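Visitor:
Protein chains in written order, with full-length UniProt numbering: chain F, 1 to 417; chain U, 1 to 215.
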């Protein structure tokens, strides 16, 4: 009984889905058929009669194709849990220039409305996704569409033949209905492979997206680099340089006082020595922030061990066989671990942390775990977002799981060949 | 004392040699690279060696490696490491063999020549001397934090000075306390930390440091 119930449900759902896919895929062919019918009706008399149907076919197809594709993508996602990436080009921001004109990424316009309208058209026209959508709408009726149309068509045919009195016709009608019911749960399913194959972004589009991503990253890196250099310059200027000037002054004064007031001269020289020691320790901190000496001496594992020793947390480090990476990658991972340990101590109030480094065939995986109170979230402009950005330069990824109450686990992966 | 100086920067090497000679010590050899240092230590077996961490040819921790290798062959060879920066990791490696005769200092510690020579002599005698910066790092790290939680503030400061390599007498002078008071503190401190106490200052320091270092 229950089996029968579930079969009826499957047939019912399948039939409805087949109807939806069938009608969706036949939308554009319907426009074509209408155009052809129009042409035939006007046909004989007018030598220009092909023009109007042609315009109808073009505008109808272009107007409908994106809607149809969006609907198919949505349905495939909903029914089969298969995400088909759309890959439509994103609209750049429309901004007003000092001249009062509006720039939309393609052209200058007098008003914002014009700029937006122009942008919409250009985006649509120059987007390679549009041509992919067109191809898909043309292909759909002859593949998945045709299959999905079978159950509703068989039901219609069956009902029509059943209405006729001859017994042979009745038999055919019953057969047709049975075929419709049997195929209903499966007929719509062809839409998934077709959508996956023809509706995803083409390699060229994927490449274009990648170029855009890389351009954005490059801009980020350039800005970050400039900021870093400014920071170093400021630190040197306010710290070591200023101290060295003071040192020179003290020594000059001491030199002058040497004969007249040896006591004061000696005090000044003691000050000078203290100043030199302070500026050395400042320089040391600065160098540690730019390029930690242990990292260049010993590589990532020992550098992380040194970090663990210096951390106020009880930190254990486990590492697989180390493979030396490019210096910038090692440096990024080192500072990432340093930041995560600092976060664990400062924000999560953890007492223990564990760092593991594993080199695999595809890349290096660094995991940091603490026993803190969790609840770490990535905010725009926050530390974790910055970390993700710095790793993304090397195509690295960052996964954070941090339920409220802890523990926090962060996993970083950087691919290397 | 017969001393080997391993330092790749000419000005520092020259200054160091002059400083040591001004205090009446004899510099038997100088070296400027890692392999050279190892050779010199093997050949001269100095009373103490002053070694820089970062040296050619790789400009990484060549000096440290040479010192460790030499101590592997000549156990207890006194070495004082001078560096622009101090790392707990390196301090651990130096202390790991437990043979004593180890010093680890920041380069600027030579500014105070008297103290520096004093530390050098302690190391040559088989003692241990650590830069206060190393001690601060050791005492501030996560592992030791838990272990040192039970010490009083006074015991804590006695421990820090002891780790620098000072004797009870010297610690007493620094803290304006009598030597017997210091020895009372050390006894209670060692009791809390579970280290057997004896009067030999070097073994004392090593015990403390190894204890703090073992994770």
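Heads up, the beta-carbon is just placed ideally off N, CA and C, and yes, glycines get one too.
A quick note: this is a predicted structure, and the numbers were derived from the prediction, not measured.
Return the bridge partner residues of residue 105/U from the DSSP annotation.
Guide: According to DSSP, residue 105/U bridges with 82/U.
Visitor: I'd like to know whether the C-beta of residue 105/U is nearer than 8 Å to at least one C-beta of chain F.
Guide: Residue 105/U does not count as touching chain F.
Visitor: For residue 28/F, count the other beta carbons within 10 Å of its own beta carbon; 16 or more makes it buried, fewer makes it exposed. Which is it?
Guide: Buried, by the Cβ-count rule.
Visitor: If distances are taken between C-alpha atoms only, which option among 245/F, 146/F and 185/F comes closest to residue 79/F?
Guide: Ranking the options by Cα distance to residue 79/F, first place goes to 185/F.
Visitor: Scan the region 18-80 of chain F and note each continuous alpha helix (DSSP H) run of 4 residues or more that stays entirely inside, going in chain order.
Guide: Here the runs fully enclosed are 51-80.
Visitor: Suppose only complete runs of 3+ residues qualify. What are the beta strand (DSSP E) ranges in the region 164-222 of chain F, listed by chain order?
Guide: Entirely contained in the region 164-222 of chain F, not one beta strand (DSSP E) run reaches 3 residues.
Visitor: Residues of chain F with CB closer than 9 Å to the CB of residue 140/U, please, in chain order.
Guide: Those within 9 Å of residue 140/U in chain F are 310 and 312.
Visitor: At a cut-off of 7 Å, would you count residue 403/F as near the ligand ATP, judging by its Cβ distance to the nearest heavy atom?
Guide: Questions concerning the ligand ATP fall outside what the structure shown contains, since it holds no ligand whatsoever.
Visitor: Any contact between the region 47-62 of chain U and the region 3-13 of chain U? By contact I mean 3 or more CB pairs, one from each, below 8 Å.
Guide: Touching, per the Cβ criterion.
Visitor: DSSP state of residue 354/F, grouped into three classes?
Guide: Of the three classes helix, strand and coil, the one that applies to residue 354/F here is strand, per DSSP.
Visitor: How about the region 120-140 of chain U and the region 10-17 of chain U: do they share at least three Cβ pairs that are nearer than 8 Å?
Guide: Too few Cβ pairs lie closer than 8 Å, so no.
Visitor: Applying the 10 Å Cβ sphere with the 16-neighbour rule, what's the burial state of residue 86/U?
Guide: Buried.
Visitor: For residue 216/F, tell me which candidate among 352/F, 400/F, 390/F and 347/F has the shortest Cα-Cα distance.
Guide: For the residues 352/F, 400/F, 390/F and 347/F, the minimum Cα distance to residue 216/F belongs to 390/F.
Visitor: At the level of alpha carbons, what is the spacing between residue 183/U and residue 261/F?
Guide: Looking at the two C-alpha atoms, the distance is approximately 44 Å.
Visitor: Determine the closest residue to residue 72/U out of 55/U, 94/U, 62/U and 80/U, with distance taken between C-alpha atoms.
Guide: For residue 72/U, the nearest C-alpha among the options comes from 94/U.
Visitor: Going along chain U in order, which residues have a C-beta closer than 7 Å to the C-beta of residue 273/F?
Guide: By Cβ distance, chain U contributes 111.
Visitor: Within 8 Å (strictly less), CB to CB, does residue 174/U reach chain F?
Guide: Judged by the 8 Å Cβ criterion, residue 174/U is not in contact with chain F.
Visitor: Rounded to whole angstroms, how far is the Cβ of residue 348/F from the Cβ of residue 376/F, which I believe are closer than 8 Å?
Guide: Confirmed, Cβ separation roughly 7 Å.
Visitor: Looking at the structure shown, is residue 420/F part of a helix, part of a strand, or coil, going by DSSP?
Guide: The structure shown does not extend to residue 420/F, since chain F is modelled only from 1 to 417, so the question has no answer here.
Visitor: Is residue 415/F helix, strand or coil when you go by DSSP?
Guide: The answer is strand: DSSP assigns residue 415/F an E or B state.
Visitor: Taking just the CA atoms, how far does residue 248/F sit from residue 208/F?
Guide: When rounded, the distance between both Cα atoms is 58 Å.
Visitor: State the start and end residues of the unbroken alpha helix (DSSP H) segment that holds residue 3/U.
Guide: No alpha helix (DSSP H) holds residue 3/U; the beta strand (DSSP E) holding it covers 2-6.
Visitor: Looking only at its own chain, which residues have a Cβ that is under 7 Å from the Cβ of residue 400/F, when we skip the five neighbours before and after it?
Guide: Correct list, in chain order: 376, 378, 384 and 410.
Visitor: Could you pull the start and end residues of the alpha helix (DSSP H) that residue 115/U belongs to?
Guide: It spans 113-124 - the alpha helix (DSSP H) in which residue 115/U sits, taken as one unbroken run.
Visitor: Leaving out five residues on either side along the sequence, give the residues of the same chain with a beta carbon under 6 Å from the beta carbon of residue 155/U.
Guide: Same-chain partners within the cutoff: 185 and 189.
Visitor: Residues of chain U with CB under 9 Å from residue 403/F, in chain order?
Guide: Near residue 403/F there are no residues of chain U at all, since even the closest Cβ is about 24 Å away, more than 9 Å.
Visitor: Taking the straight line between their C-alpha atoms, what separation do you get for residue 62/F and residue 130/F?
Guide: Cα to Cα, residue 62/F sits roughly 9 Å from residue 130/F.
Visitor: So that I know if they touch, is there some Cβ in chain U lying closer than 8 Å to that of residue 294/F?
Guide: So, interface residue.
Visitor: Comparing the C-beta of residue 244/F with each C-beta of chain U, is any distance below 8 Å?
Guide: No, its Cβ sits nowhere closer than 8 Å to a Cβ of chain U.
Visitor: Starting from the C-beta of residue 358/F, find all residues in its chain whose C-beta is less than 6 Å away, skip the five residues before and the five after it, and write them out in chain order.
Guide: Result list for residue 358/F: 320 and 365, in chain order.
Visitor: Assign residue 215/U to one of three DSSP states: helix, strand, or coil.
Guide: Caution applies to residue 215/U, whose pLDDT of 47 falls short of 50 and renders its modelled position unreliable; the model cannot decide the point.
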